[in-house]
Every structure is written in C-alpha cells, then in structure tokens.
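Please read the structure below before turning to the comments.
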Amino acid sequence: LAQEVRYPIANTAHCECRREGQGTCGGPLNASSEMNPYGPYSMYKTSYGSAELPDTRRDSISRLVISTAQLALLMLAPWALFATLSWALMSRQVYLYSWIRVFVICIFTGLVLVLLVAAATSRSRWLRKGGRIGEADPRYLRAYAWWAGLAGLCFLAFVAGCIVGTIIADSYMKKFYQITSLDAYDNVNPARSLGKEMLDAGRVIFTKGSRLDFNHSFAHQNGSTFCVVPIIAASDQPLPATFDFWAAGKDCCTNLGENFHCGAADSKAGSARGGLRLLSAEDEYNYRQAVRFSEIAYHMESVHPLFFEWTANPIRDIGIRREAAFGLYFATNVVFLLGIFILVVIGYVCFPRMAKI
210 LAQEVRYPIA NTAHCECRRE GQGTCGGPLN ASSEMNPYGP YSMYKTSYGS AELPDTRRDS
270 ISRLVISTAQ LALLMLAPWA LFATLSWALM SRQVYLYSWI RVFVICIFTG LVLVLLVAAA
330 TSRSRWLRKG GRIGEADPRY LRAYAWWAGL AGLCFLAFVA GCIVGTIIAD SYMKKFYQIT
390 SLDAYDNVNP ARSLGKEMLD AGRVIFTKGS RLDFNHSFAH QNGSTFCVVP IIAASDQPLP
450 ATFDFWAAGK DCCTNLGENF HCGAADSKAG SARGGLRLLS AEDEYNYRQA VRFSEIAYHM
510 ESVHPLFFEW TANPIRDIGI RREAAFGLYF ATNVVFLLGI FILVVIGYVC FPRMAKI
C-alpha cells in the first residue's frame with residue numbers, strides 16, 4: 210500500500226521537474242523513480258483498477274469445439290474403417306485376385322495396431338503422472354481414455370468389417386461375379402445345341418416353348434438332396450440326342466426326384482425359359498451323380514451336362530443379387546454407425562472425467 214501511494218508522488222515530482230526545465234519528462238530523476246516498476250521505462254504497463262481476467266467464455270468455446278471434434282472422430286473413424294474394409298472385401302478386385310484380400314487385411318491390421326500403440330503410450334504417460342483418478346492431471350486421463358476408446362472401437366470395426374464383407378462376398382457377390390464373367394446366350398434350342406458348345410455359358414435364355422421334362426427327373430442323396438431334370442425344347446420339337454441341359458437345385462424334390470420345384474419350376478407353363486449357371490464344384494459333382502443315375506434309369510445319354518437354376522429372367526435375377534448385396538451393405542453400415550453412437554454416448558456419460566472436459 211505504501212508503494213502504491215509513493216508511485217504517484219514520484220511521478221508528480223518527475224512532471225514538476227519537467228515543467229521547471231530540469232530534464233526530459235520520463236528520465237530517471239531520483240531513486241524512487243528508478244524503483245518504480247510502472248515507470249515510463251519499465252517493462253510493466255501502468256494500470257489502475259481491477260486486474261484483467263482471462264476470457265473464460267472463449268476458453269469454454271474452444272474446449273467445446275475440441276471436445277465435439279474428438280467425439281465426432283471417435284464415431285466416424287471406426288465407421289469409416291468398417292465401411293471401407295467391408296466394401297473392399299466384397300469388391301470385384303478381391304474376387305479376381307486373392308492377394309489383394311491379404312494386402313487389404315494387412316493394411317487395416319497395421320492401422321489398428323498403430324492405434325493400440327498410441328493408446329498404450331497415452332496410458333504410460335498417465336501412469337507416470339500419477340495413474341489414479343483425482344491425482345493425475347485430467348488432461349492425461351482424458352487423452353488415455355480417448356485413445357483407448359478409439360483403438361477399441363476401431364478394433365471392433367475391423368472384426369465386424371471382415372465378417373460382414375466376407376458374408377456379403379460369399380453369399381451374394383461371388384455368384385454375381387461368376388455369372389457376369391461368363392457369356393450370355395439367347396434363343397438356345399436345347400434340341401439342337403450341345404453342352405460342349407456352351408461351356409462358357411453363364412446366362413442362357415432358351416427358345417420359346419422350352420420346358421422341363423419332369424418325366425425324367427432324378428435325385429442323388431449326399432447330405433442334401435440334389436435334384437435334376439432335363440431341359441427340352443417345345444412339344445413340336447424332337448427330343449435331343451444328348452441331354453446336356455439340366456435344371457438343378459438342392460432339397461427341392463423327393464428322394465427319387467419327383468415333385469421337382471426348384472427355382473421357377475412351379476411357374477406358369479411357358480413363363481420361365483431361362484437359366485443361371487450353377488458353378489459350385491462340389492454341387493456339380495453331386496448333380497453329375499444324379500444325371501448318371503438318370504441315364505441308367507431312363508436309358509438316356511448326357512455327354513457334357515450343364516446345370517442351371519431355372520428362372521424366368523436370368524438377367525434380372527442376377528441383378529437382384531447385386532441389389533441385395535448393396536442393400537445389406539448399407540443396412541449394416543447404418544446399424545454399425547448407430548451402435549458406435551450408442552457406445553460413445555454411454556462412455557461419455559459413464560466416464561466422469563470425460564464429462565468434465
């Protein structure tokens with residue numbers, strides 16, 4: 210208090226000296242003026258009244274922006290990993306080149322490992338600063354919790370992305386890629402065409418009036434019931450010399466092949482005359498066994514049997530598979546993003562230190 214009274218007096222004397230021409234105002238005139246930390250040559254700015262307060266409102270806004278960005282990244286980063294990985298695993302490139310699948314999985318595995326290392330590093334830093342809630346600086350605890358949450362959610366996204374991408378690829382896109390990589394044939398007459406001429410067929414539309422010959426259907430038992438029935442031309446056409454085109458399916462007939470209802474076999478007569486090639490090597494072996502038994506039972510010949518899923522519109526049906534795959538992909542993305550949002554909200558509410566950021 211004594212200094213606060215003395216400083217204005219020294220300054221007054223200093224200004225009086227200036228009026229008397231004894232020096233330049235601002236020059237050191239005596240010891241008290243030299244000791245004045247708020248003098249004209251001092252590094253401190255002279256101020257009277259209350260001290261300046263920090264801009265708490267600006268700091269609160271900054272913290273809110275940073276916290277919101279962290280929470281958004283905590284949700285969007287795992288979702289982006291899930292969406293990208295599942296999309297990559299169901300892509301045509303992965304189907305054509307198996308090494309790309311391994312490369313993609315290795316890349317995402319490395320990314321998850323980097324996040325796990327970052328979480329472990331932030332935990333070590335928190336432990337060095339105290340390691341218990343209430344003793345260490347909350348900033349270190351917040352960093353550890355955020356990195357740990359991000360690493361855990363990304364690991365969950367990695368596992369879920371591998372599962373979803375593999376399921377969609379095997380159940381939908383593999384069949385689509387197989388069929389579309391083969392040729393499409395139109396107006397094929399089963400009475401005159403041979404199987405060896407169409408070994409690269411993926412989608413076939415037979416001539417008008419083509420039908421299934423239910424009188425020569427047969428089945429083979431091997432865990433499942435593998436049903437086959439020959440495809441023949443219209444009733445005004447002769448029977449083929451070799452029965453090379455067969456409609457086939459699993460568990461859609463009796464043990465001896467009666468009551469064949471695979472695919473569009475039950476559709477109105479003449480409405481279905483197309484086929485989607487069945488390319489499973491294991492299933493084809495069992496279908497061939499059924500054809501062999503049919504040859505013996507009905508005294509018929511099949512040199513190069515080709516097996517098809519009987520359908521009314523093979524082009525539309527193969528497109529439906531792709532649409533179903535995309536629908537499942539987008540649905541799983543929405544569900545996963547919603548699940549991540551719920552987990553982040555639960556973690557934010559249940560973790561007291563994060564709630565005080």
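Mapped onto this note's numbering, the consecutive letters of the sequence shown carry residue numbers 210 to 566. Ideal Cβ positions, reconstructed from N, Cα and C, are used throughout, including at glycine. No experiment lies behind these values; they were computed from the predicted model shown.
Inter-residue Cα distance where the pair is residue i and residue j
| i | j | result |
| --- | --- | --- |
| Q446 | F415 | 13 Å |
| I441 | S380 | 30 Å |
| P487 | V326 | This sequence places Leu at residue 487; Pro is not what is there. Using only the alpha carbons, I get a separation of about 47 Å. |
| F550 | R332 | 24 Å |
| A286 | L320 | 11 Å |
| L408 | M284 | 50 Å |
| T293 | A499 | 43 Å |
| G370 | C315 | 13 Å |
| F545 | A481 | 40 Å |
| F186 | C471 | Any property of residue 186 remains undetermined from this structure, which presents the chain solely from 210 to 566. |
| A474 | H508 | 24 Å |
| A354 | G556 | 10 Å |
| A534 | M382 | 7 Å |
| G548 | T375 | 20 Å |
| A574 | S390 | Nothing about residue 574 can be reported from this structure: the residues present for the chain run from 210 to 566 only. |
| A450 | E491 | 27 Å |
| G536 | L448 | 43 Å |
| R531 | N424 | 35 Å |
| S433 | K384 | 20 Å |
| V368 | K459 | 32 Å |
| R420 | E406 | 20 Å |
Exposure label - residue i; buried when at least 16 CB within 10 Å
| i | result |
| --- | --- |
| Y306 | exposed |
| K202 | Because the chain here runs from 210 to 566, residue 202 falls outside it and cannot be looked at. |
| R525 | exposed |
| D392 | exposed |
| Y590 | Outside the displayed range of the chain (210 to 566) lies residue 590, so it cannot be described from this structure. |
| V437 | buried |
| I527 | buried |
| A457 | buried |
| A278 | exposed |
| D422 | buried |
| S511 | buried |
| A410 | buried |
| G483 | buried |
| G466 | buried |
Proximity of residue i and residue j at Cβ, strictly below 8 Å
| i | j | result |
| --- | --- | --- |
| F317 | L290 | yes |
| S295 | Y538 | yes |
| Y596 | F516 | As shown, the chain starts at 210 and ends at 566. That puts residue 596 outside it, with no answer to give. |
| F452 | C461 | no |
| T520 | V373 | no |
| W308 | A366 | no |
| R401 | P523 | no |
| Q430 | N464 | yes |
| L280 | V553 | yes |
| I388 | L282 | no |
Proximal residues to residue i (C-beta, below 7 Å), its chain only, five neighbours per side dropped
| i | result |
| --- | --- |
| Y386 | R301, Y304 |
| C559 | none |
| P514 | G404, D453, W455, R497, V500 |
| A506 | F427 |
| D395 | I414 |
Same chain, Cβ closer than 8 Å to residue i, neighbours up to 5 away in sequence not counted
| i | result |
| --- | --- |
| A378 | L298, M299, V303, Y304 |
| E204 | In the structure as shown, the chain begins at 210 and stops at 566. Residue 204 is therefore absent and cannot be evaluated. |
Cut-off 6 Å between Cβ atoms - residues of its own chain near residue i, not counting five sequence neighbours on either side
| i | result |
| --- | --- |
| G418 | A443 |
| A360 | L324, L325, A328 |
| S489 | none |
| F502 | F427 |
| C363 | P287, L290, V321, L324 |
| R310 | V303 |
| I529 | none |
Which runs of the alpha helix (DSSP H) fall wholly inside the stretch 406-484 and span at least 4 residues, in chain order? none
Which runs of the beta strand (DSSP E) spanning at least 3 residues fall entirely within the stretch 489-561, listed in chain order? Every beta strand (DSSP E) of 3 residues or more that sits fully in the stretch 489-561 is shown, in chain order, as 515-520.
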